[in-house]
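**Q** In this text, residue positions in the sequence shown follow the UniProt record's numbering: the first is 1, and each later residue adds one. C-beta atoms are modelled at their ideal positions from N, C-alpha and C, and glycine is treated no differently. It should be emphasised that the depicted structure is a prediction, and the values quoted were computed from it without experimental measurement.
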Amino acid sequence: MTTVAMLAIVAGAIAVLFMLIMGLKLHAFVALLLTSVLTAVALGIPLEDVAETVEEGMGGVLGTVAVIVGLGAMFGQVLRVTGAAERIADTLVSAFGERRVPWSLGATGLIVAIPVFFDVALVLLIPLVYTLAKRLKKSLIVFALPLLAGLSAAHSLIPPTPGPVAAAGILGADLGWVILFGLLASIPAVILGGILYGRFIGQRVVVGVPEEMEEKVGGDGNGGGSENGGNGDRGKEDHGKADGGNGDDDGDEGNRPGFGLVLTILAVPLLLILGNTVADAVLDEDTLFARVIALVGDPMVALIIAVLLAFYVLGMRYGLGRSELQSVATKALEPVGMILLVTGAGGVLGEVLERSGVGDALEEVLEATALPIILLAFVAAAVLRVCLGSGTVATVTAAAIVAQAVEAQDLSAAMLGAIVVAIGAGATVLSHVNDSGFWLVNRFLGLTEKQTLVTWTVMQTIMGCAAFLTVLAISPML
1 MTTVAMLAIV AGAIAVLFML IMGLKLHAFV ALLLTSVLTA VALGIPLEDV
51 AETVEEGMGG VLGTVAVIVG LGAMFGQVLR VTGAAERIAD TLVSAFGERR
101 VPWSLGATGL IVAIPVFFDV ALVLLIPLVY TLAKRLKKSL IVFALPLLAG
151 LSAAHSLIPP TPGPVAAAGI LGADLGWVIL FGLLASIPAV ILGGILYGRF
201 IGQRVVVGVP EEMEEKVGGD GNGGGSENGG NGDRGKEDHG KADGGNGDDD
251 GDEGNRPGFG LVLTILAVPL LLILGNTVAD AVLDEDTLFA RVIALVGDPM
301 VALIIAVLLA FYVLGMRYGL GRSELQSVAT KALEPVGMIL LVTGAGGVLG
351 EVLERSGVGD ALEEVLEATA LPIILLAFVA AAVLRVCLGS GTVATVTAAA
401 IVAQAVEAQD LSAAMLGAIV VAIGAGATVL SHVNDSGFWL VNRFLGLTEK
451 QTLVTWTVMQ TIMGCAAFLT VLAISPML
């Protein structure tokens, strides 16, 4: 089969995927599997090998991703129900002062959303935004966009959130490099998209707290979250326990863990994973110390340690018994299943493309166009994001496509990490009406569709471009 024919089939497969998800409203998991099977047949994979290809693609990705996403969900749920996430928000707002509240909200969103899903963190922290907007008598947009920018950056760029983890698994990237570059790219993205643009557009789109939200924040939040692929269901569980930390109820102040303690526990898995990456680059791998660092710095082991610390230090020491902790952990896993299925289905598409020899065809195209692989990653994810809506689906699908070109090149571990972040940046831009996050923000802020486009959509695009330009500037040194 010629290169042109193979690439035409891949383009057709993506078009079919768009039609199934957008036109027929088929669930992303089913759409990805169906597209993968049809693509396998079209690319000439023997019919008797198609089922095996599906199995290997699904299992290959989920072997690591399932464990990391599951542990990350448990970790985030403990932070939520113990009031630790609200402690971070309250402390940062107090430390920065009223004049720098947008900066504190951006930092809060970035920190909290690393272990907590985007929509759950939004449900958790939006009351703080409402309170600040009313207290300081400014447009809700001035405070909401920085928070949303922090939440979005962490969700799109920094493991252990599902998108970056899945992309790293598909590309074989070291999560330590992904975390490092994700953090570096998040800073300018949040500053430019959330804080500075939020200040600019907040003077032009002046809105107050929606009337229906003033008394029903928890109820509306849970309903809005259910529109976002099921993740929001986590916001329903034990919501009353989390509400004590919103900053409006001082009676529960003594029951919440301290800021330093929360930040330390949050930093443990990140530092262990980053430490492993650094040790791998500078230490002799045969030494005992290097082997110990490699063990505890493995993402799965690091998250196990973090979850156990959270269970004991945040859970048992702050009022949760063993049975309650077991319930919290179980409930945390409920929304994870669909995320893993979509992630695995994206891995199936990647396996199909690998087995069919599309990687060689992509290599020829890249050599002919001289298009940098990191730019290809960003553009592929951006196109998929615009057409499919879901940032996670766009990230997984783009990684599956780019993986074929990555395998044909001898790239460093650092470069692979940068490519994962570039994919996450592309999957952030141009959120619009086919993205559930668009409607979640629209509903919580009480905006019209036009207002949501000029606030949320533009902010997301600025963030994605800023994050990409950051890793693009770094890439020549990798």
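Leaving out five residues on either side along the sequence, give the residues of the same chain with a beta carbon under 7 Å from the beta carbon of T461.
**A** Counting only Cβ-Cβ distances below 7 Å, and skipping sequence neighbours, we find V429 and L430.
**Q** When DSSP labels each residue in this structure, what does T448 get in the three-state scheme?
**A** Here T448 sits in coil by DSSP.
**Q** Can you have a look at T2 and say buried or exposed, based on whether 16 or more other CB atoms are within 10 angstroms of its CB?
**A** Result: exposed.
**Q** With a cut-off of 8 Å on the beta carbons, I'd call G208 and P146 a contact; round off their distance for me.
**A** Between P146 and G208 the Cβ distance is about 17 Å, and since that is not below 8 Å, they are no contact.
**Q** Report the CB separation of A149 from A466 in whole angstroms; it is logged as a contact under 8 Å.
**A** Not confirmed; about 10 Å, so no contact.
**Q** Do M6 and L43 have their beta-carbon atoms positioned less than 8 Å apart in this structure?
**A** In this structure, M6 lies closer than 8 Å to L43 by Cβ.
**Q** Run the CB neighbour count on G219, radius 10 Å, all protein chains shown included, and call it buried at 16 or more, exposed below.
**A** Reliability of the predicted coordinates at G219 is poor, the pLDDT of 38 falling under 50, and the value obtained from them is presented with this limitation in mind. It is exposed - the Cβ of G219 has fewer than 16 other Cβ atoms within 10 Å.
**Q** Look up S226 in the DSSP assignment and say whether it is helix, strand or coil.
**A** Because S226 carries a pLDDT of 34, less than 50, the predicted location of this residue cannot be relied on, and the following value inherits that uncertainty. Looking at S226 - three-state DSSP - the assignment turns out to be coil, as it is neither helix nor strand.
**Q** By a C-beta neighbour count over all protein chains shown, 10 Å radius and 16 as the cutoff for buried, is F289 buried or exposed?
**A** Exposed: under 16 other Cβ atoms inside 10 Å.
**Q** Using 8 Å for Cβ pairs, my map puts L171 next to V406. What's the rounded Cβ distance?
**A** So it is a contact: roughly 6 Å between Cβ atoms.
**Q** Given a cut-off of 8 Å on the beta-carbon distance, is the pair L151 and L183 in contact?
**A** The answer is no: Cβ separation not under 8 Å.
**Q** Determine the contact status of L308 and V301, defining contact as a CB-CB distance below 8 Å.
**A** In this structure, V301 does not lie closer than 8 Å to L308 by Cβ.
**Q** For chain B, is any of its Cβ atoms less than 8 Å away from the one on V67?
**A** Looking at the structure shown, chain B is missing, and only one protein chain is on hand.
**Q** If you measure between the beta carbons of A340 and V69, is that distance less than 8 Å?
**A** It is worth fixing the name first, because residue 340 is Leu in this sequence and not Ala. Taking 8 Å as the Cβ cut-off, L340 and V69 qualify as a contacting pair.
**Q** Given a threshold of 16 other Cβ atoms within 10 Å of its Cβ, counted over all protein chains shown, does G202 qualify as buried or as exposed?
**A** Counting Cβ neighbours within 10 Å, G202 comes out buried, since at least 16 surround it.
**Q** Which value, in whole angstroms, describes the spacing of the CA atoms of A28 and R99?
**A** Straight-line Cα distance between these residues: approximately 43 Å.
**Q** For V386, tell me which candidate among V348, H432, I14 and E351 has the shortest Cα-Cα distance.
**A** Checked all of V348, H432, I14 and E351; the closest Cα to V386 is H432.
**Q** What number of angstroms, rounded off, separates the C-alpha of L263 from the C-alpha of I141?
**A** Roughly 27 Å separates the two Cα atoms.
**Q** Quick check: what's the CA-CA separation for T470 versus S186?
**A** Near 9 Å, if we compare the C-alpha coordinates of S186 and T470.
**Q** How would you call G244, buried or exposed, if buried means at least 16 neighbouring beta carbons within 10 angstroms?
**A** For G244, the predicted structure reports a pLDDT of 36, less than 50, and the residue's modelled location is therefore unreliable. A value from the coordinates is still provided. Buried is the call here.
**Q** With 16 as the cutoff for other CB atoms within 10 Å, does P476 come out buried or exposed?
**A** Burial call: exposed.
**Q** Regarding L308 and the ligand ATP, is the C-beta to nearest heavy atom distance less than 7 Å?
**A** Because no ligand of any kind appears in the structure shown, any question about the ligand ATP cannot be addressed here.
**Q** Whole angstroms are fine: how far does the CA of T82 sit from the CA of Q451?
**A** So the two alpha carbons sit approximately 35 Å from each other.
**Q** When the Cα of R256 is compared with those of G464, E334, D90 and T161, which residue comes out closest?
**A** Minimum Cα distance to R256 is reached at D90.
**Q** Given this structure, state the Cα-to-Cα distance separating A310 from V336, to the nearest angstrom.
**A** Taking the straight line joining both Cα atoms gives about 19 Å.
**Q** Can you tell me which of L270, L26, A168 and A329 puts its alpha carbon nearest to the alpha carbon of Q77?
**A** Per the Cα distances, A329.
**Q** Helix or strand or just coil, what does DSSP make of K134?
**A** Helix, per DSSP.
**Q** What does the Cβ neighbour count give for G97, buried or exposed, with the cut at 16 atoms within 10 Å?
**A** So G97 ends up on the exposed side.
**Q** Does DSSP classify A467 as helix, strand or coil?
**A** Here A467 sits in helix by DSSP.
**Q** If I measure Cβ to Cβ from A422 and keep anything under 6 Å in the same chain, skipping five residues before and after, which residues do I get?
**A** Closer than 6 Å at the Cβ level, and outside the excluded window around A422, lie I374, A377, F378, F468 and V471.
**Q** Return the chain-ordered ranges of every alpha helix (DSSP H) run that is complete within the stretch 127-197 and spans a minimum of 4 residues.
**A** As far as the stretch 127-197 is concerned, its whole alpha helix (DSSP H) runs of at least 4 residues are 140-157, 162-171 and 175-189.
**Q** I want to know whether the stretch 46-64 touches the stretch 124-140 - three or more CB-CB distances under 8 Å.
**A** No, the stretch 46-64 is not in contact with the stretch 124-140.
**Q** Buried or exposed: where does E86 fall if 16 or more other Cβ atoms within 10 Å of its Cβ makes it buried?
**A** Buried, since its Cβ has 16 or more Cβ neighbours within 10 Å.
**Q** So which of N276, T53 and F259 has the shortest CA-CA distance to V41?
**A** Of the listed residues, the one whose Cα sits closest to V41 is T53.
**Q** Can you say whether V459 is buried or exposed, counting buried as having 16 or more other CB atoms within 10 angstroms of its CB?
**A** In the sequence as displayed, the identity of residue 459 is Met instead of Val. Buried, by the Cβ-count rule.
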